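Numbering-wise (my numbering), the sequence shown opens with residue 24 and increments by one.
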Amino acid sequence: MALIRGLLRRGIDLMDMASEFLQPQEDDVARIAWNLRKKISEYQKSFSVIEKCTKPVIAAIHNGCIGVGVDLVTACDIRYCSQDAYFQVKEVDVGLATDMGTLQRLPNIIGNRSLVNELAFTARKMMSDEALSSGLVSRVFPDKSSLLNAAFGLATEIASKSPIAVQGTKVNLVYSRDHSVQESLDYMATWNMRMLQTEDIMKSAQAVLQKTSLKDITSSKL
Ligand SMILES: CCC/C=C/C=C/C(=O)SCCNC(=O)CCNC(=O)[C@H](O)C(C)(C)COP(=O)(O)OP(=O)(O)OC[C@H]1O[C@@H](n2cnc3c(N)ncnc32)[C@H](O)[C@@H]1OP(=O)(O)O
């Protein structure tokens with residue numbers, strides 16, 4: 024679970040950004056550009072690992088989610104927030120095009136390019152009710168404590184299910200976002216020709232038929 028805390032509430036530290044990116048140690052333009060590209064890619068990777076992680080990642084967001092905060096939560100699988108949450112693609116206000124994933128992932132998440140463009144061009148605050156109606160978050164809670172309870176509850180529920188089923192679901196959901204339906208079906212068939220041989224199916228199906236909780240059966244960890 025990713026708990027989006029104070030740091031992301033402010034976005035990137037603007038003083039750090041100024042010293043790290045805007046004061047190159049070299050004179051040669053090509054070398055400066057080369058090193059900057061490397062650094063930007065490293066930053067991007069630190070968020071992409073969330074998506075590459077085969078376990079579902081839940082973001083619980085309260086208060087401001089600004090700049091890099093939005094980059095980070097768009098790489099998560101499920102987003103819950105509290106009523107006081109707001110989202111701001113703030114980079115345009117500090118003179119740059121956001122480069123850590125928001126422009127690449129947000130259009131897919133909310134499926135409304137006009138809204139994404141508006142948010143990214145203006146840095147307008149999107150409040151929690153609009154985040155819910157646009158599909159950026161799936162649930163809104165009255166306060167931080169109910170938000171965290173729900174997020175931990177959700178994590179516990181997901182963790183009670185077969186890891187073969189859950190992680191296979193995540194990998195195939197992410198794959199299908201970036202491929203055609205046919206390619207994704209082929210990938211799924213190849214995936215499940217191995218994974219259907221898991222003992223977890225028999226155990227889980229038995230629990231369903233006997234109306235017992237999945238929490239009462241043990242699936243060995245991956
Ligand atoms: C490869 C490089 C790519 C770069 C990516 C960049 C990504 C980004 O994240 S861009 C977005 C950067 N963040 C911002 O623009 C946020 C600016 N700050 C605010 O909007 C407000 O300060 C905030 C809503 C966070 C909090 O408001 P509040 O009224 O509660 O507090 P303030 O009095 O405004 O701020 C308190 C002190 O914190 C300092 N501060 C705020 N944000 C930042 C920041 N991002 N970096 C550094 N310092 C920050 C602010 O100056 C105040 O300091 P002081 O006056 O010394 O108390």
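Beta carbons: idealized from backbone N, C-alpha and C, even for Gly. Here the structure is a predicted model, which is why all the values come from computation and not from measurement.
query	result
Within 7 Å, strictly: CB atoms of residue 123 and residue 70	yes
Buried versus exposed call for residue 222 [16 or more other C-beta atoms within 10 Å across all chains shown]	exposed
Distance, residue 86 Cα to residue 109 Cα	6 Å
Boundaries of the alpha helix (DSSP H) in which residue 194 is found, first to last residue	186-200
Proximity test, residue 150 beta-carbon vs ligand 1 heavy atom, cut-off 6 Å	no
Residues bridged to residue 105 [DSSP beta-bridge criterion]	164
7 Å Cβ cutoff met for residue 82 and residue 170	no
Inter-residue Cα distance where the pair is residue 165 and residue 53	51 Å
Residue 93 versus residue 57 - alpha carbon distance	26 Å
Beta strand (DSSP E) segment containing residue 87, residue limits	87-89
Whole-angstrom distance between residue 134 and residue 161, CA atom to CA atom	14 Å
beta-carbon residue 65 near ligand 1 non-hydrogen atom, thresh 6 Å	no
Nearest-angstrom Cα separation, counted from residue 91 out to residue 243	36 Å
Through-space distance from residue 174 to residue 48, alpha-carbon basis	44 Å
Nearest residue (CA-CA) to residue 125, options 182, 183, 97, 32	97
Sheet register partners of residue 110 (DSSP bridge)	88, 149
Continuous alpha helix (DSSP H) stretch holding residue 72: start and end	52-75
Whole-Å CB distance - residue 146 paired with residue 197, under 8 Å assumed	Rounded, the Cβ-Cβ distance is 28 Å, inconsistent with contact.
Limits of the unbroken alpha helix (DSSP H) element including residue 204	204-218
Where residue 223 falls: helix, strand or coil (DSSP)	helix
8 Å Cβ shell around residue 177 - same chain, five flanking residues per side excluded	81, 101, 103
Whether residue 183 touches residue 237 by CB criterion (7 Å)	yes
Where residue 238 falls: helix, strand or coil (DSSP)	helix
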